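For the sequence shown, the numbering used here begins at 27 and goes up steadily by one.
Reading through the structure tokens given below for one structure.
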Amino acid sequence: MAGPLKSGKVKSEVSLSKKKFAIIVAEWNEEITEALYEGAVAGLTANGVKKGHIIRKNVPGTFELSLGALWMGEKKDIDAVICLGCVIQGETPHFDYICQGVAYGVTEAALKTRKPVIFGVLTTLNKQQALDRAGGKYGNKGEEAALTAIGMLNF
Ligand code: DLZ
27 MAGPLKSGKV
37 KSEVSLSKKK
47 FAIIVAEWNE
57 EITEALYEGA
67 VAGLTANGVK
77 KGHIIRKNVP
87 GTFELSLGAL
97 WMGEKKDIDA
107 VICLGCVIQG
117 ETPHFDYICQ
127 GVAYGVTEAA
137 LKTRKPVIFG
147 VLTTLNKQQA
157 LDRAGGKYGN
167 KGEEAALTAI
177 GMLNF
């Protein structure tokens with residue numbers, strides 16, 4: 027299994043130059059999810075993934091990531107799917123339903139497609155906590171999700 031290095035690179039025993047990734051981006055909390063997307067692309071390209079091999083798809087909200095992941099994971103030429111979303115508890119009365127639903131759905135998509143489907147969803151109490159994890163003081167969880175996808179391709 028590949029291990030993360032400090033540089034944002036991972037040790038990969040498989041060649042990544044031919045691998046294709048789908049990134050599904052939820053449009054809710056766009057400021058955060060765009061930053062996660064930038065982080066994910068940076069994480070992939072820093073490790074040799076070609077920009078042309080990264081396919082982006084948007085979905086309205088985090089809840090829809092599951093179906094988006096299944097649809098993209100079913101495509102023969104996609105090697106791994108990265109799901110990016112952000113659910114903020116203070117602003118979302120049905121926070122728990124969305125989070126449970128997407129956690130279950132992403133797992134289902136991985137098991138059904140037998141491909142890595144990565145859970146790059148921030149579930150935070152407030153917007154500041156999300157910003158801190160979308161390129162702020164705690165790094166970028168989108169980049170982490172990208173490195174996790176690469177790690178799984180090295181399984
Ligand atoms: C409805 C809703 C709310 C209130 N909050 C969020 C959120 O914080 N983050 C997010 O990604 N999506 C939110 N949504 C939208 C749901 O994910 C979903 O799009 C709708 O419930 C329709 O299925």
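Glycine is no exception: its CB is placed at the ideal position from the N, C-alpha and C atoms.
Model, not experiment: these values are computed from the prediction.
When secondary structure is reduced to three states using DSSP, ILE58 falls in the helix class. In this structure GLY177 does not touch ALA135 by the C-beta definition: roughly 18 Å separates them, more than the 8 Å allowed. Note that the C-beta distance between LEU70 and CYS112 is not below 7 Å. With contact defined as three or more Cβ pairs closer than 8 Å, the segment 80-89 and the segment 45-62 are in contact. Short of 7 Å from the beta carbon of SER43, and not among the five residues preceding or following it, lie these beta carbons of its own chain, in chain order: GLY74, LYS76.
GLY161: member of the beta strand (DSSP E) spanning 160-162, first to last residue. Apart from sequence neighbours up to five positions away, the residues of its chain that approach ALA156 with a beta-carbon distance below 8 Å are ASN55, ILE58, CYS112, ILE114, LEU148, THR150, ordered along the chain. At least one heavy atom of the ligand DLZ lies closer than 6 Å to the C-beta of TRP54.
Taking the CA atoms as reference points, ILE124 sits about 10 Å from GLY131. Per the C-alpha coordinates, the member of ARG140, GLY116, LEU173 positioned closest to LYS153 is GLY116. Nearest to LEU110 by C-alpha distance, out of LYS163, LYS37, ASN84, is ASN84. Per the C-alpha coordinates, the member of TYR164, ILE144, HIS120 positioned closest to LEU96 is ILE144. Per DSSP, the unbroken alpha helix (DSSP H) holding PHE121 starts and ends at 121-139.
Where ALA106 is concerned, the enclosing beta strand (DSSP E) starts and stops at 106-114. The C-beta of LEU179 has 16 or more other C-beta atoms within 10 Å across all chains shown, which makes the residue buried.
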